[in-house]
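Visitor: Submitted below is the structure of interest, expressed as structure tokens.
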Amino acid sequence: MYPSMRAAAEDLERTGQLLRITEEVDPDLEMAEIHRQVFADRGPALLFERVKGSPFQAISNIYGTYARTEYLFRKTLPRVKKVVELKADPANFAKHPLRYASAPFTAVTALPRRHLRPAALYGRTTVDQLPLVKSWPMDGGAFVTLPQVCTLPPGSRKVMQSNIGMYRIQLTGNDYVTNKEVGLHYQLHRGIGVHHTAYNQTDEPFRCSVFVGGPPSHAFCAIMPLPEGLSEMTFAGMLAGRRFGYAWKNGHLISADADFVIVGTIRKGEKKPEGPFGDHLGYYSLQHDFPVMDVEAVYHRQDPLWHFTVVGRPPAEDSSFGYLIHKIVKDLTPQEFPGIRQINAVDEAGVHPLLLAVGSERYMPFRERVPEEIITQANRILGSGQTSLAKYCLIAADEDDPHLDADDQPAFFRHLLERFDPTRDLHFQTRTTIDTLDYSGSGWNAGSKLIWACRGDARRELTEVVPEYLELTEGYGAPQFVVPGILAIEGPAFKEETGYADLEPFLEANADKITTDDLPLIVICDDSAFLTKNFSNFVWATFTRSNPSHDVHGVDAFTEFKHWGCRGPVVIDARVKPWHAPGLKVDEEVASRVKQKLADMTN
């Protein structure tokens, strides 16, 4: 396959899947806006030949469509899938020896290989000479958006013990000394954070290398959740169809095939403000203190390409990572989560806020058909790895519809809303952790979770008729249906001094008037026309802007032996709260200029 990013770009160009931008483009907002507009039109990969302020070219949107992502890995993806399956469950080899006969050979031939003359050490530069891409107006500076951050545990020079993760890197802005310091955004529970904790117990310098570019598989390896014992380097080699090349330089482990390598030492006991940054939930992650790295050198290969993407409200280019992960691991779901047939981490909701799952009820066949085992399965999901960051886990029993597809979001919600019992099927976990990037909770990295389950025959027929006895109290109005069974209602702007109190009159006024048989779900929002424009707007606004323990209410609600339920509709307060992070908005002047520039290119 591809030995470099440049080789991949040339292949995409030969096959009509790449557009060269030949005129000079400003990395401050303009490059990102070109990317966004081309991505929105499902357009080609972009090669920026002239980046203002930099001698280097840049490339983006190579994963801009699922079809192009599959094209890049067309020769290796089936083999990689077999290795991951076998690594997760070695018993598969005995069950299906012919299917997995080539898997051990694939893994062994993909082991990392040392290079004595690595391409990545062709030349040296400085941070201020890189394409300093700033994506959103309120971003704290320029960021590396597709970094491969490589560290080793203390005392180790074994490359198979390395951690390669995608932790964003701030290159400029805030208090960073240009060319001498960069910021790293990561938490202590991540792979690099584990190394950081270990280094704190030693006198050894915490060396770190940041790779940019290289074969297209290298960026993906930094985000792929791998089975225990399968290294990122081996995985990258398998997906690239060629071994991951590495080298050593002044004690730093580097990628021999990277386009750029930034090496340095992470300070153990000091942090600096990092951010804000326009992030994948569709909001800014705000400025917080994170580790800082002292930069020792910046290397690059001959004729390099600065590989970047633009992060924002999904779907975005990085949505293809989720798609590819699903392609590789979907058959492993029942092994990782016994009883679970399917999980959809909803991309349109920012992945972590909302999970849709299809589970199974395998026991007690002669009892009343109520959610039992699927509650246990949902708790397993919320207690495991990346899925533990989810806020909402909506789960259905597959016995009620063997063809139920969690990827068909409207159909899944229809199935759930037809069947759930609001007095019984809502299970909260309060005062727990949520995604650091989610500001809907009660504090930074603090919030709650909700398991919303259903099992049994349909209990109600969903309609798009507003009940004539629904009372819209002062400040509430503009009711519109998202789909049958989900009604959006505009509420007054949420004010911190009144908190949730202004919702009480609406709930009380309808307590004796409306039941879930009339309407199972109401979403209180700032703009019902926006929420109902499409299903993507509904899942994004509803589940990124709400904290279950605080924002899930109910008409005629009650608490019985510490179990909360309601007899009327579930009400989710999805209004923007004062403590929420700002939403992402483009610079309209830049957007207009880019729109005209792209029109001139295609005419």
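No gaps in the numbering here: position 74 of the sequence shown is 675 in my numbering, and each next residue is one more. All residues carry an ideal CB built from backbone N, CA and C; glycine is no exception. Remember, predicted model here, so these are calculated numbers, not experimental data.
Per DSSP, which one or two residues make a beta bridge with W1053?
Guide: According to DSSP, W1053 bridges with L995 and L1027.
Visitor: Kindly confirm or deny that the stretch 1008-1028 and the stretch 1083-1091 touch, where touching means at least three C-beta pairs closer than 8 angstroms.
Guide: Cβ pair count under 8 angstroms is three or more, so yes.
Visitor: Hey, is the stretch 908-925 in contact with the stretch 1090-1103, meaning 3+ C-beta pairs nearer than 8 angstroms?
Guide: Judged by Cβ distances under 8 angstroms, the stretch 908-925 makes no contact with the stretch 1090-1103, as fewer than three pairs qualify.
Visitor: If A837 sits next to S818, beta carbons under 8 angstroms apart, how far is it from one beta carbon to the other, in whole angstroms?
Guide: The Cβ separation is near 5 angstroms, so the contact holds.
Visitor: Scan the stretch 839-869 and note each continuous beta strand (DSSP E) run of 3 residues or more that stays entirely inside, going in chain order.
Guide: Counting whole runs of 3 or more residues, the stretch 839-869 contains the beta strand (DSSP E) stretches 846-850 and 853-856.
Visitor: Answer yes or no: do P628 and P719 have a C-beta to C-beta separation smaller than 7 angstroms?
Guide: No, the Cβ-Cβ distance between P628 and P719 is not below 7 angstroms.
Visitor: Ignore the nearest five residues each way along the sequence and tell me which others in F1131's own chain have a CB closer than 8 angstroms to its CB.
Guide: Cβ within range, chain order: N1138 and A1142.
Visitor: What would DSSP say about S886, mapped onto helix, strand or coil?
Guide: Correct three-state label for S886: strand.
Visitor: Taking a contact to mean a Cβ-Cβ separation below 7 angstroms, would you say G846 touches A857 in this structure?
Guide: A contact, by the Cβ cut-off of 7 angstroms.
Visitor: Could you tell me which uninterrupted alpha helix (DSSP H) segments, each at least 4 residues in length, are contained entirely in the stretch 920-944, listed from first to last along the chain?
Guide: 920-930 and 934-937, all fully within the stretch 920-944.
Visitor: Distance check for I770 and S1147, CA to CA, integer angstroms please.
Guide: S1147 and I770: Cα-Cα distance of roughly 29 angstroms.
Visitor: Please go through the same chain and pick out, in chain order, the residues whose beta-carbon is closer than 7 angstroms to the beta-carbon of I976, but skip the five residues on each side of it.
Guide: Closer than 7 angstroms at the Cβ level, and outside the excluded window around I976, lie H1028, I1052 and A1054.
Visitor: Measuring straight from C-alpha to C-alpha, what distance separates V778 and K873?
Guide: Spanning the two alpha carbons is a distance of roughly 11 angstroms.
Visitor: Give a yes or no on whether the C-beta atoms belonging to T1145 and L887 are separated by under 7 angstroms.
Guide: Not closer than 7 angstroms, so no.
Visitor: Going straight from the alpha carbon of H786 to that of R1061, what length do you get?
Guide: Distance between the alpha carbons of H786 and R1061: 47 angstroms.
Visitor: Going by Cα to Cα distance, which pick from P905, E875 and Y885 is closest to V893?
Guide: Nearest C-alpha to V893: E875.
Visitor: In terms of residue numbering, what span does the alpha helix (DSSP H) encompassing F812 cover?
Guide: Note, F812: premise wrong, no alpha helix (DSSP H); beta strand (DSSP E) at F807 to V813.
Visitor: With contact counted as at least three CB pairs below 8 angstroms, one residue from each stretch, are the stretch 1118-1132 and the stretch 937-950 in contact?
Guide: These segments do not touch.
Visitor: Under a Cβ-count criterion, where at least 16 other Cβ atoms within 10 Å of its own Cβ denotes burial, should V1156 be classed as buried or exposed?
Guide: Flag for V1156 reads buried.
Visitor: Roughly how many angstroms separate the alpha carbons of P816 and W849, rounded to a whole number?
Guide: Near 19 angstroms, if we compare the C-alpha coordinates of W849 and P816.
Visitor: For a minimum of 3 consecutive residues, which ranges assigned as the beta strand (DSSP E) are wholly contained in the stretch 612-660?
Guide: 619-622 and 646-649, all fully within the stretch 612-660.
Visitor: Taking its Cβ as the centre, do 16 or more other Cβ atoms sit within 10 Å of K1163, making it buried, or is it exposed?
Guide: It is exposed - the Cβ of K1163 has fewer than 16 other Cβ atoms within 10 Å.
Visitor: Would you mind working out which of I982, R758, K759 and R868 sits nearest D804, comparing C-alpha positions?
Guide: Comparing Cα positions, the closest option is R868.
Visitor: Can you name the start and end residues of the alpha helix (DSSP H) that G794 belongs to?
Guide: Per DSSP, G794 belongs to the alpha helix (DSSP H) from G792 to Y800.
Visitor: Relative to the C-alpha of P748, which residue among V760, L772 and R725 is closest?
Guide: The option with the nearest alpha carbon to P748 is L772.
Visitor: Grouping DSSP H, G and I as helix and E and B as strand, with all else coil, what is Q771?
Guide: In this structure, Q771 counts as strand in the three-state DSSP scheme.
Visitor: Which runs of the beta strand (DSSP E) at least 3 residues long sit entirely within the stretch 1049-1095? Give them in chain order.
Guide: List check, beta strand (DSSP E) in window: 1078-1084 and 1087-1091.
Visitor: Give the DSSP bridge partners of I1123, in chain order.
Guide: In DSSP, I1123 forms a bridge with L1088 and V1172.
Visitor: Look up F1162 in the DSSP assignment and say whether it is helix, strand or coil.
Guide: Here F1162 sits in coil by DSSP.
Visitor: At what residue ranges does the stretch 957-1023 contain a whole run of the alpha helix (DSSP H), taking only runs of 4 or more?
Guide: Taking only runs of at least 4 residues, the alpha helix (DSSP H) segments lying wholly in the stretch 957-1023 are 974-983 and 1010-1020.
Visitor: Determine contact between the stretch 941-957 and the stretch 1008-1015, defined as no fewer than three beta-carbon pairs at a distance below 8 angstroms.
Guide: Verdict: yes, contact present.
Visitor: From this set, Y993, M834 and V652, which residue's C-alpha is nearest A711's C-alpha?
Guide: The shortest C-alpha separation from A711 is found at M834.
Visitor: Would you mind reading off the limits of the beta strand (DSSP E) that contains W1180?
Guide: Neither: W1180 is in no beta strand (DSSP E) and is coded neither H nor E.
Visitor: Would you say the beta carbon of I824 is closer than 6 angstroms to some non-hydrogen atom of the ligand GTP?
Guide: This structure lacks the ligand GTP; in fact it carries no ligand of any kind.
Visitor: Any idea which residues DSSP pairs M894 with across the strands?
Guide: DSSP, once it has assigned bridges, lists V783 and I867 as partnering M894.
Visitor: What residue range is occupied by the uninterrupted beta strand (DSSP E) comprising Q749?
Guide: Where Q749 is concerned, the enclosing beta strand (DSSP E) stretches over Q749 to T752.
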